[in-house]
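Report on one structure; see the data block that follows.
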Amino acid sequence: MKKLNEKQKEILKIFVREFFYFLSILVAAFFILDIVLKGLISAYLNLNLLFLFWLIIALIDLRFKAKK
Amino acid sequence: MKITKFKNWPLNLKLRLVFGVFLLVILVLIFCLKVVPSGKASYKKTWTNNFFSARGTMLDFRPGIRLDSKAKSYLKIIAEPVYFNFYTPRSFSKAKITIKYFDNLAEATPIIELGLLKGGLNGNYELKPLQNKIIDDLKFSWDRIVDDGETLILQREKIYNNGLEFSADFSEGRLENCVGGPLSCAVFYNYNNDYKYQAPANNLTRSVKINQALRGEHQFFNYFNQGKWFLNFDFRDLNLNSGQEIVKVNIYLDNNLIASQNLTGLDLATRNDSFDNENRQGTSIGELRFSGLAEKGALYKVEIKAGNDIIIESIESSSDQLVFANKFWPVYSEGLKISTEAKFLSVKTFETESLGQLFLNEEKFELDKTYSSLLLEAKDEEKYLNELKLEKSGVLIELNGFIALPDTKFFKALPEKMDRFFSASGSASYLLSNYKSPKKEKNYKVASLEFDLNSAYLNNNYYSFVISVPGLELTEGGENYLGIKEIKIEVEGRSLGEKIISFIKK
Chain A
44 MKKLNEKQKE
54 ILKIFVREFF
64 YFLSILVAAF
74 FILDIVLKGL
84 ISAYLNLNLL
94 FLFWLIIALI
104 DLRFKAKK
Chain B
2 MKITKFKNWP
12 LNLKLRLVFG
22 VFLLVILVLI
32 FCLKVVPSGK
42 ASYKKTWTNN
52 FFSARGTMLD
62 FRPGIRLDSK
72 AKSYLKIIAE
82 PVYFNFYTPR
92 SFSKAKITIK
102 YFDNLAEATP
112 IIELGLLKGG
122 LNGNYELKPL
132 QNKIIDDLKF
142 SWDRIVDDGE
152 TLILQREKIY
162 NNGLEFSADF
172 SEGRLENCVG
182 GPLSCAVFYN
192 YNNDYKYQAP
202 ANNLTRSVKI
212 NQALRGEHQF
222 FNYFNQGKWF
232 LNFDFRDLNL
242 NSGQEIVKVN
252 IYLDNNLIAS
262 QNLTGLDLAT
272 RNDSFDNENR
282 QGTSIGELRF
292 SGLAEKGALY
302 KVEIKAGNDI
312 IIESIESSSD
322 QLVFANKFWP
332 VYSEGLKIST
342 EAKFLSVKTF
352 ETESLGQLFL
362 NEEKFELDKT
372 YSSLLLEAKD
382 EEKYLNELKL
392 EKSGVLIELN
402 GFIALPDTKF
412 FKALPEKMDR
422 FFSASGSASY
432 LLSNYKSPKK
442 EKNYKVASLE
452 FDLNSAYLNN
462 NYYSFVISVP
472 GLELTEGGEN
482 YLGIKEIKIE
492 VEGRSLGEKI
502 ISFIKK
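Protein chains in written order, with my numbering: chain A, 44 to 111; chain B, 2 to 507.
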């Protein structure tokens with residue numbers, strides 16, 4: 044597999060960070076809306092899997108942070 | 002203020018803008034899902050073994066003991082009834098439900114029905130047929146008078162040529178080749194009942210007070226001659242359950258509600274969770290009194306809606322022409338005798354002290370299990386009225402027919418309703434029904450039903466449904482079952498535009 048150069052690594056880091064922020068807002072909004080709208084979100088979306096996905100992104104972001 | 006061009010923005014800001022727009026789109030989508038601007042929506046549930054699938058809008062299929070959890074690609078119903086909830090983001094006015102299913106049911110369970118809960122937690126399920134195999138067979142062996150996809154009228158022999166001829170006779174309370182009129186040889190099944198009971202000439206009635214205590218919800222028919230009529234009820238709250246008990250009495254004339262009163266029980270739960278059939282427990286919560294003027298002799302239907310914590314202490318009526326329908330649950334009495342025209346009776350008890358013997362036309366039956374139904378069959382075909390003697394009290398009787406007490410006069414208020422015990426070789430010569438046979442689609446059957454959601458009970462955005470296969474009970478091996486592959490619910494209500502217009506007009 045082709046190794047990423049420093050600039051590409053930096054872009055990836057920023058993307059992961061911003062995606063993590065976006066996902067955090069989305070997950071929080073979905074959980075709150077699911078309570079307020081009495082189950083509307085969980086009817087269409089598996090919130091447990093979404094939470095797991097958020098956790099994976101959070102770990103990747105944390106790993107990038109640790110490498111700094 | 003200096004505005005920099007988008008291409009000169011730092012990468013993180015560009016990404017934030019893109020994700021922000023994406024978030025906004027998602028929120029708009031959620032708003033649309035919640036409000037359903039068009040007023041029409043369609044929800045579907047298929048049984049697939051998909052780990053990633055969401056909860057769905059149709060959920061909570063229960064109780065688990067009546068379902069075979071090993072079947073993953075379809076819902077396997079091995080005993081009835083099975084309940085489920087349907088989630089809707091808002092209220093709608095009507096629903097079309099399409100069910101794709103297959104079955105491996107025995108001959109003793111020819112009817113499959115779907116019901117929608119109406120009128121609150123103490124309400125009833127409005128049951129509609131998904132399939133009635135008896136009618137599916139009769140459609141080919143009997144003559145069809147009317148079969149327009151909605152109404153189905155069959156006759157054993159070809160007597161009437163069309164629906165108009167039949168309706169003209171039926172509305173006058175007579176039918177060809179039928180001495181006793183519709184009451185003796187017509188059978189209803191899921192039929193929008195326009196039948197009007199006609200009392201015999203010189204019908205004499207006298208007032209009666211029924212002191213037989215009854216537990217929970219009951220329904221009875223009372224015929225009043227021309228003149229003043231009254232109905233009085235006394236109620237008692239057993240206080241076995243905590244929470245307020247609400248008793249509601251509805252009186253109908255020709256299917257129109259003419260009087261309704263409520264009574265609220267005191268919240269005096271003693272937490273004594275056993276019911277004593279000998280000693281009268283609980284507290285009196287009061288009485289309800291109704292009276293009116295009958296312009297001509299007419300049949301009144303009375304519904305007493307109450308939970309099992311309520312005892313109907315007494316019923317006083319100006320007419321003794323009074324019969325209970327479908328369910329009868331006497332308490333605080335021993336050796337009670339009742340009369341019924343029903344050939345099959347299902348009896349059940351929830352108290353060990355109510356276990357014991359029952360006699361149906363002198364034939365002895367032993368009720369030896371609690372929470373389990375015992376089916377009683379009157380063997381004497383010639384006998385019109387069967388007598389049931391209850392040695393013990395607290396026995397719940399369920400039947401497809403009417404019950405009279407020793408103090409009241411028996412009469413058949415409505416033509417017989419078709420149930421799973423119907424025999425084509427019996428006395429019935431006409432069948433009236435609002436039934437449509439399911440369509441065949443490869444290995445499945447597809448049935449569609451429409452429900453009015455306006456009067457349905459909507460609890461926290463959930464409608465409650467029941468799937469019923471009368472007679473389907475748990476058996477070892479579970480070889481008799483109903484398999485549901487797909488449920489599709491199309492709902493319809495007011496659109497957002499219509500809602501805004503009606504809001505402005507207010």
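Idealized CB from N, CA, C, for every residue including glycine.
For residue i, count the other beta carbons within 10 Å of its own beta carbon; 16 or more makes it buried, fewer makes it exposed. Which is it?
i, result
"ILE99(A)", "exposed"
"ILE154(B)", "buried"
"VAL83(B)", "buried"
"GLU166(B)", "exposed"
"ALA109(A)", "exposed"
"LEU12(B)", "exposed"
With distances taken from CA atoms, which of the options is nearest residue i?
i, options, result
"VAL447(B)", "LEU454(B), PRO439(B), GLU114(B)", "PRO439(B)"
"ILE485(B)", "VAL470(B), GLU477(B), GLN156(B), TYR464(B)", "VAL470(B)"
"ASN481(B)", "LYS45(B), ARG67(B), GLU317(B), LEU391(B)", "ARG67(B)"
"SER292(B)", "PHE366(B), ASP310(B), ASP238(B), PHE234(B)", "PHE234(B)"
"THR47(B)", "TYR88(B), THR89(B), ILE100(B), PHE32(B)", "ILE100(B)"
"TYR196(B)", "ALA214(B), GLU173(B), ASN462(B)", "GLU173(B)"
"GLY298(B)", "ILE313(B), GLN322(B), ARG290(B), GLU177(B)", "GLN322(B)"
"GLY308(B)", "GLY116(B), LEU16(B), ASN125(B), LEU18(B)", "ASN125(B)"
"SER319(B)", "GLU335(B), TYR301(B), ALA326(B), VAL332(B)", "TYR301(B)"
"LEU241(B)", "ILE311(B), LEU264(B), SER285(B), PHE221(B)", "ILE311(B)"
"PHE32(B)", "LEU80(A), VAL70(A), PHE74(A)", "LEU80(A)"
"GLY395(B)", "PRO82(B), SER430(B), PHE325(B), ARG216(B)", "ARG216(B)"
"ALA107(B)", "PHE422(B), GLN220(B), LEU118(B)", "PHE422(B)"
"TYR445(B)", "LEU483(B), ILE160(B), LYS97(B)", "LEU483(B)"
"ASN203(B)", "LYS210(B), ASN226(B), GLU218(B), VAL188(B)", "ASN226(B)"
"GLU392(B)", "LYS97(B), PHE23(B), LYS365(B)", "LYS365(B)"
"ASN257(B)", "HIS219(B), THR265(B), GLU304(B), LEU30(B)", "GLU304(B)"
For residue i and chain A, any beta-carbon pair shorter than 9 Å?
i, result
"ASN9(B)", "no"
"TYR88(B)", "yes"
"ALA55(B)", "yes"
"ILE490(B)", "no"
"LEU232(B)", "no"
"ILE31(B)", "yes"
"PHE20(B)", "yes"
"PHE225(B)", "no"
"LEU497(B)", "no"
"THR47(B)", "no"
"ILE27(B)", "yes"
In chain order, what residues of the same chain have a beta carbon less than 6 Å from the beta carbon of residue i, not counting five sequence neighbours either side?
i, result
"LEU92(A)", "none"
"TYR44(B)", "THR58, ILE490"
"GLY494(B)", "GLY40, PHE93, SER94"
"LEU83(A)", "none"
"GLY402(B)", "THR341, GLU342, ALA343"
"GLN262(B)", "VAL250, LEU289"
"ARG272(B)", "The predicted model places ARG272(B) with a pLDDT of 43, which falls under 50 and marks its position as unreliable, so this point remains unresolved."
Quick one: give me the first and last residue of the beta strand (DSSP E) that residue i is part of.
i, result
"LEU289(B)", "284–295"
"ILE98(B)", "95–105"
"ALA448(B)", "445–453"
"GLU166(B)", "Unbroken run through GLU166(B) is the alpha helix (DSSP H), 164–172; no beta strand (DSSP E)."
"PRO130(B)", "125–133"
"ALA86(A)", "Unbroken run through ALA86(A) is the alpha helix (DSSP H), 83–87; no beta strand (DSSP E)."
"GLU491(B)", "482–493"
So residue i is in the alpha helix (DSSP H); what residue range does that whole segment cover?
i, result
"VAL348(B)", "Looking at the DSSP string, VAL348(B) is not in any alpha helix (DSSP H); the run it does join, the beta strand (DSSP E), is 345–349."
"TYR64(A)", "49–79"
"ASN13(B)", "12–36"
"ALA109(A)", "90–110"
Does residue i get closer than 9 Å to chain B when you measure Cβ to Cβ?
i, result
"ALA72(A)", "yes"
"LYS108(A)", "no"
"LYS81(A)", "yes"
"PHE94(A)", "no"
"GLU49(A)", "no"
"ILE75(A)", "no"
"LEU88(A)", "yes"
"LEU69(A)", "yes"
"ILE84(A)", "yes"
"ILE35(A)", "This structure cannot settle anything about residue 35(A), because the visible part of chain A is limited to 44 through 111."
"ILE103(A)", "no"
"ILE78(A)", "no"
For residue i, which residues of its own chain have a beta-carbon under 7 Å away from its beta-carbon, when the five flanking residues on both sides are left out?
i, result
"ASN133(B)", "PRO111, ILE112, TYR190, TYR436"
"LEU497(B)", "VAL36, PRO38"
"ILE313(B)", "ALA214, LEU215, HIS219, PHE234, PHE236, ILE305"
Which same chain residues end up closer than 8 Å to residue i when comparing Cβ atoms and leaving out the 5 residues on each side of it in sequence?
i, result
"GLN199(B)", "GLY174, GLY182"
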